[in-house]
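J.:
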Amino acid sequence: MGVDFGKTVCGLAGLDEPGEVVFRKRRQPHRLLGFLDALPPCVVAMEACGGAHHIGRFCLEQGHEPRLMSPLYVRPYVKVHKNDDRDAEAIAEAATRPTMSFIAIKSEEQLDLQALHRARERLVSDRTRLINQGRGFLMERGIRVGTGRHVFPKELTRSAAEGAADLSCEPACMFGCPLRCKDFL
Numbered sequence: 173m174g175v176d177f178g179k180t181v182c183g184l185a186g187l188d189e190p191g192e193v194v195f196r197k198r199r200q201p202h203r204l205l206g207f208l209d210a211l212p213p214c215v216v217a218m219e220a221c222g223g224a225h226h227i228g229r230f231c232l233e234q235g236h237e238p239r240l241m242s243p244l245y246v247r248p249y250v251k252v253h254k255n256d257d258r259d260a261e262a263i264a265e266a267a268t269r270p271t272m273s274f275i276a277i278k279s280e281e282q283l284d285l286q287a288l289h290r291a292r293e294r295l296v297s298d299r300t301r302l303i304n305q306g307r308g309f310l311m312e313r314g315i316r317v318g319t320g321r322h323v324f325p326k327e328l329t330r331s332a333a334e335g336a337a338d339l340s341c342e343p344a345c346m347f348g349c350p351l352r353c354k355d356f357l
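For reference, each letter of the sequence shown is one residue, going 173 to 357 in our numbering.
So, in structure tokens, the structure goes:
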């Protein structure tokens, strides 16, 4: 069975052994778990997207065999125009291919750790972006600042203390220079 997750409706398509479609259904997302609970154990294929790991863990508890696939690998199996029913059928068909690679279902702990790593990556990226923006701002005023997150605040503070440039309070404070801000408070 292939499941296509939609915003308001989930498309379901069931295939038999030869690969013929035996049913096409639509279910609201909040009714999907009840539908899967009532099914006899079978292969439940879905794209690895938001909520797929939760549904996959539920399927395992009910005795189903969940198979998660990358949407990039499912795309070639969609026939003609894209819609939820055809997507579900393509997912079911892709899951039957012997060369298809599947994604392991993650536990809640693994997903929490993944979210933590992604949040940290975002913070590091934002910090780097802000430091680079500050270095560019200072270069426009003739102040060369070395690279590195530890170098930037030290050189900015040193430059402000020496009066190397006429920095206004707002940009200096924005980039972490406490010395210039004291003059304006």
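Just so it is clear, CB atoms sit at the ideal spot from N, CA and C, and this is done for glycine as well.
What does the alpha-carbon distance come out to for the pair E192 and C182?
T.: Sequence index remark: in the sequence shown, residue 192 carries index 20 (1-based). Sequence index remark: in the sequence shown, residue 182 carries index 10 (1-based). Near 20 angstroms, if we compare the C-alpha coordinates of C182 and E192.
J.: What does the alpha-carbon distance come out to for the pair H289 and S242?
T.: In the sequence shown, counting from the first residue as 1, residue 289 sits at position 117. In the sequence shown, counting from the first residue as 1, residue 242 sits at position 70. Cα to Cα, the separation comes out at about 21 angstroms.
J.: How many angstroms separate the CA atom of C214 from the CA atom of A287?
T.: For the purposes of this step, residue 214 is taken as the residue at position 42 of the sequence shown. For the purposes of this step, residue 287 is taken as the residue at position 115 of the sequence shown. Their Cα atoms are separated by approximately 31 angstroms.
J.: Verify whether the separation of the beta carbon atoms of A217 and G174 is less than 7 angstroms.
T.: In the sequence shown, the residue the question calls residue 217 occupies position 45. In the sequence shown, the residue the question calls residue 174 occupies position 2. Yes, the Cβ-Cβ distance between A217 and G174 is below 7 angstroms.
J.: Would you list the one or two residues that DSSP bridges to G206?
T.: As a working mapping, residue 206 is identified with position 34 in the sequence shown. For G206, which the question treats as bridged, DSSP gives no partner whatsoever.
J.: By alpha-carbon positions, which one of G320, R196, G228 and V323 ends up nearest to I275?
T.: Counted from its first residue, the sequence shown places residue 275 at position 103. The candidate whose alpha carbon is nearest that of I275 is G228.
J.: Grouping DSSP H, G and I as helix and E and B as strand, with all else coil, what is M241?
T.: If you number the sequence shown from 1, residue 241 lands on position 69. Three-state DSSP puts M241 in a strand.
J.: Going by alpha carbons, who is nearest to S331 out of I315, V323, H322 and T319?
T.: On the sequence shown, position 159 is the one that residue 331 refers to. Minimum Cα distance to S331 is reached at I315.
J.: I believe A264 touches M272 by the beta-carbon criterion, under 8 angstroms. Please report the beta-carbon distance rounded to the nearest angstrom.
T.: Walking along the sequence shown from the start, residue 264 turns up at place 92. Walking along the sequence shown from the start, residue 272 turns up at place 100. At roughly 11 angstroms, the Cβ-Cβ gap does not stay under 8 angstroms, so A264 and M272 are not in contact.
J.: What is the DSSP secondary structure of G318, reduced to helix, strand or coil?
T.: Reading the sequence shown from its first residue, position 146 is the one you call residue 318. Shown here, G318 sits in coil according to DSSP, grouped into three states, outside any helix or strand.
J.: When you compare each of L302, D257, K179 and N304 to P222 by their alpha carbons, which one comes out closest?
T.: Here residue 222 is taken as the residue at index 50 of the sequence shown, counted from 1. For the sequence presented, residue 222 should be read as Gly rather than Pro. Checking every option, the nearest Cα to that of G222 belongs to K179.
J.: Does H322 pass the burial test, meaning 16 or more other C-beta atoms within 10 Å, or should it be called exposed?
T.: In the sequence shown, residue 322 corresponds to position 150, counting from 1. That one is exposed.
J.: What does the Cβ neighbour count give for H225, buried or exposed, with the cut at 16 atoms within 10 Å?
T.: As a working mapping, residue 225 is identified with position 53 in the sequence shown. Looking at its Cβ environment, which holds 16 or more other Cβ atoms inside 10 Å, H225 is buried.
J.: Got a sec, what are the start and stop residues for the beta strand (DSSP E) V215 sits in?
T.: Here the question's residue 215 lines up with position 43 in the sequence shown. Taken as a continuous stretch (DSSP letters only), the beta strand (DSSP E) holding V215 covers V215 to E219.
J.: Taking all protein chains shown into account, do 16 or more other C-beta atoms lie within 10 angstroms of the C-beta of H236, making it buried, or fewer, making it exposed?
T.: Numbered from its first residue, the sequence shown carries residue 236 at position 64. Looking at its Cβ environment, which holds 16 or more other Cβ atoms inside 10 Å, H236 is buried.
J.: Answer with buried or exposed for P248, where buried requires no fewer than 16 other C-beta atoms within 10 angstroms of its C-beta.
T.: Sequence index remark: in the sequence shown, residue 248 carries index 76 (1-based). Looking at its Cβ environment, which holds fewer than 16 other Cβ atoms inside 10 Å, P248 is exposed.
J.: With DSSP run on the structure shown, which of helix, strand or coil describes A188?
T.: To locate residue 188, count along the sequence shown from 1; it is residue 16. First, the residue type needs correcting, since residue 188 is Asp and not Ala in the sequence shown. Reduced to three states, the DSSP call for D188 is coil.
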